[in-house]
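Take the sequence shown: its letters are residues 138 to 499, numbered as in my numbering. Report on the structure given below.
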Amino acid sequence: MKTIKISTVIICVMLLNSCNSKPSHKDGTSQNIALLITPPEGITAPEGMIWVPGKVFIQGAKPNDPMAMPREKPGHNVLVDGFFMDATEVTNAQFEKFIEATNYVTVAERPIDWEEMKKELPEGTPKPPDSVLQPGSLVFNKDVEAVVNMNNYGQWWTWKIGANWKQPDGPGSSIVGKEDYPVVHVAYEDAIAYCKWANRKLPTEAQWESAAQGKEADKIFTWGNDISQLSSQTNTWEGTFPTTNTGVDGFKYIAPIKSFPPNDLGFYEMAGNVWEWTTDLYNHDYYKQLDTTKPIINPTGASTYFNPQSPYQIEMIMKGGSYLCHSSYCASFRISARMSTSKDSGSDHLGFRTIASIDMLK
């Protein structure tokens, strides 16, 4: 097992670009601790997982990223211990094994409890008809011909009754023949349940970015800094969002795992294809509140939720972007990109991958 003292790390940090700015966070602060770089002797990679060496890197916006959004700023140095992570997103086949072993029922398959739902809505919101309050999930509307207001995403999203992980496009659809596609329509609770069964965890946002960065510390994309490689490196929206997808990258919608080259550590589709859950609470101002005068050790995100655009429900951070991402809209195929969604929300472009720490494997 290779470790390195924090004093050495601080020297490395001085060579990285840093920003200034203090938090409500659950993070460690600089101490004389060792950074776990390589796994201890006797610990081998679980099947399908890859070791992410411990390192210091820039989390959040990179200095040379013109597409970085306010919620990604300021970029700040973090120290993250090594861990194992799935090389790919969890597939339909893997999730099906979990369902068969546990008889678990996903959130999208359960009856909707209006009393619980209205707690996440503005006071006085009228109850929808019972015909609408049926199990289902969000599905992208592939038939959008024109959009009036790009801020109204309801124009291209549809609540599809009967849509769930095994019927991703609603009744009549199936995952037969799509066993190696990422599982979708998975709420946060569903991903956590899978992790418990598999003795795994969801990654923190910092762990996710560490894996996406690969062997480097300040890349904009999983493959480097050249956006011209987008079509050859990942599955995103090409054309005019959300009306016309030319499919230049080979796919108009979700692609099977390993359809694109891995990053330099061996991780597939960490940009585009489907978003991935993390364990971090969303707080729009979290990065601005951080003390960035020293590296943050193994950050686990904000301790309080804050989203001025969605104040009534708790949202978690998702990473990586999806096949719907386009540079004109969200450009979330970048490593630093961070979006949020409510814990009980699934959709046809949201999945997950898992991690395993050394302690979990002893």
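C-beta atoms are modelled at their ideal positions from N, C-alpha and C, and glycine is treated no differently. Computed from a predicted model, the values in this text were never measured in an experiment.
Exposed unless 16 or more other CB atoms sit within 10 angstroms - verdict on residue i
| i | result |
| --- | --- |
| Thr-341 | buried |
| Ser-369 | exposed |
| Pro-445 | exposed |
| Asp-363 | exposed |
| Lys-395 | exposed |
| Met-497 | exposed |
| Met-455 | buried |
| Trp-251 | exposed |
| Ala-198 | buried |
| Ala-348 | buried |
| Ser-482 | buried |
| Pro-436 | buried |
| Val-244 | buried |
| Tyr-419 | buried |
| Ala-324 | buried |
| Tyr-290 | exposed |
| Thr-441 | exposed |
| Val-313 | exposed |
| Ala-283 | exposed |
| Gly-438 | buried |
Sequence-distant residues of the same chain with beta carbon closer than 6 Å to residue i, five excluded per side
| i | result |
| --- | --- |
| Thr-491 | Asp-223, Cys-332 and Arg-337 |
| Ile-249 | Leu-270 |
| Ile-147 | Low local confidence applies: a pLDDT of 38 at Ile-147 is under 50, so the model's placement there is unreliable, with the coordinate-based value given in what follows. Answer for Ile-147: no residue qualifies. |
| Pro-160 | Interpretation of Pro-160 is limited by its pLDDT of 36, a score under 50 that renders its predicted location unreliable; the figure taken from the coordinates is listed afterwards. Same-chain partners within the cutoff: Gln-426 and Leu-427. |
| Lys-264 | Trp-251 |
| Ser-310 | Gln-304 |
| Ala-330 | Tyr-241 |
| Ala-335 | none |
| Thr-166 | Any reading at Thr-166 must be qualified, since the residue scores a pLDDT of 46, below 50, and its modelled position is unreliable; the value itself is stated next. Here the set comprises nothing. |
Of the residues the options, the one placed nearest residue i, counting alpha carbons only
| i | options | result |
| --- | --- | --- |
| Ala-474 | Thr-175, Ile-180, Lys-192 and Lys-210 | Lys-210 |
| Asp-485 | Val-276, Glu-237, Gly-314 and Asp-386 | Val-276 |
| Val-385 | Gln-366, Lys-395 and Leu-402 | Gln-366 |
| Lys-279 | Thr-416, Pro-272 and Asp-306 | Asp-306 |
| Thr-371 | Leu-216, Ile-472 and Pro-176 | Ile-472 |
| Val-285 | Pro-379, His-213, Asp-267 and Thr-181 | Pro-379 |
| Phe-220 | Val-227, Thr-243, Lys-192 and Ala-198 | Lys-192 |
| Lys-315 | Ala-324, Gln-304 and Val-323 | Gln-304 |
| Thr-359 | Met-407, Gly-387 and Ile-329 | Met-407 |
| Asn-105 | Asp-417, Val-242 and Cys-467 | Residue coverage of the chain in this structure runs from 138 to 499, which leaves residue 105 outside it and unanswerable. |
| Ser-268 | Lys-297, Val-244 and Gly-291 | Lys-297 |
| Tyr-318 | Tyr-290, Tyr-405 and Thr-262 | Tyr-405 |
| Val-217 | Gly-438, Ile-434, Trp-293 and Lys-499 | Ile-434 |
| Gln-196 | Ala-283, His-322 and His-213 | His-213 |
| Thr-381 | Glu-178, Trp-293 and Ser-447 | Trp-293 |
| Ser-447 | Thr-478, Tyr-424 and Ala-439 | Thr-478 |
Same chain only: Cβ atoms within 8 Å of residue i, ignoring 5 sequence neighbours per side
| i | result |
| --- | --- |
| Pro-259 | Tyr-449 |
| Pro-183 | Phe-221, Ala-493 and Leu-498 |
| Glu-326 | Val-244, Lys-480 and Asp-481 |
Cut-off 7 Å between Cβ atoms - residues of its own chain near residue i, not counting five sequence neighbours on either side
| i | result |
| --- | --- |
| Ser-459 | Gly-409, Asn-410, Val-411, Trp-412 and His-486 |
| Thr-140 | Residue placement at Thr-140 is poorly supported in this model, since its pLDDT is 45, which falls under 50; the coordinates are not used for a value here. |
| Glu-246 | Pro-272 and Asn-301 |
| Thr-415 | Leu-339, Pro-340, Thr-341, Glu-342, Trp-345, Met-453, Ile-454, Met-455 and Lys-456 |
| Val-320 | Val-227, Thr-228, Asn-229, Phe-232, Trp-302 and Gly-488 |
| Met-186 | Phe-221, Met-222, Asp-223, Ala-224 and Ala-493 |
| Pro-308 | Gly-299 |
| Lys-356 | Gln-350, Asn-362 and Ile-472 |
| Ala-176 | Rather than Ala, the amino acid found at residue 176 in this sequence is Pro. Correct list, in chain order: Met-138, Trp-188, Gly-219 and Ile-495. |
| Asp-422 | Phe-443 |
| Ser-469 | Gly-458, Cys-462 and Met-476 |
| Arg-208 | His-421 and Arg-475 |
| Lys-255 | Thr-262 |
| Thr-383 | Glu-375 and Gly-376 |
| Val-281 | Gln-292, Trp-293, Pro-379 and Thr-380 |
| Ile-180 | Ile-495 and Leu-498 |
Any C-beta of chain E under 9 Å from that of residue i
| i | result |
| --- | --- |
| Val-227 | Structure shown: chain E not included; a single protein chain is present. |
Worksheet entry | Cβ pair count under 8 Å reaching 3, the stretch 456–463 against the stretch 369–382 | At 8 Å Cβ cutoff, the stretches touch.
Worksheet item: Can we say the stretch 376–395 touches the stretch 427–441, given the rule of at least three CB pairs closer than 8 Å?
Response: No, they do not touch.
Discussion item. Quick check: the stretch 343–358 against the stretch 396–403, are at least 3 beta-carbon pairs closer than 8 Å?
Written reply: Touching, yes, given that three or more Cβ pairs across the two stretches are closer than 8 Å.
Worksheet item: What are the uninterrupted segments assigned as alpha helix (DSSP H) that are 4 or more residues long and contained completely in the stretch 395–428, given in chain order?
Response: DSSP runs (the alpha helix (DSSP H)) wholly in the stretch 395–428: 423–426.
Practice prompt. Quick one: which unbroken alpha helix (DSSP H) runs of 4-plus residues sit fully inside the stretch 241–292? Chain order, please.
Written response: Correct list: 251–254.
Item to complete: May I ask you to verify whether the stretch 227–245 touches the stretch 199–216, counting CB pairs closer than 8 Å and requiring at least 3?
Response: Short answer: they don't touch.
Worksheet entry | Ranges of the alpha helix (DSSP H) found wholly within the stretch 204–241, counting only runs of at least 4 | Taking 4 residues as the minimum length, the alpha helix (DSSP H) runs contained wholly in the stretch 204–241 are 229–239, in order along the chain.
Discussion item. Ignoring anything shorter than 3 residues, give me the beta strand (DSSP E) runs that lie fully in the stretch 429–485, in order along the chain.
Written reply: List check, beta strand (DSSP E) in window: 452–456 and 476–479.
Worksheet item: Going along the chain, which unbroken runs of the beta strand (DSSP E) with 3 or more residues stay wholly within the stretch 285–349?
Response: Whole beta strand (DSSP E) segments, 3+ residues: 294–298.
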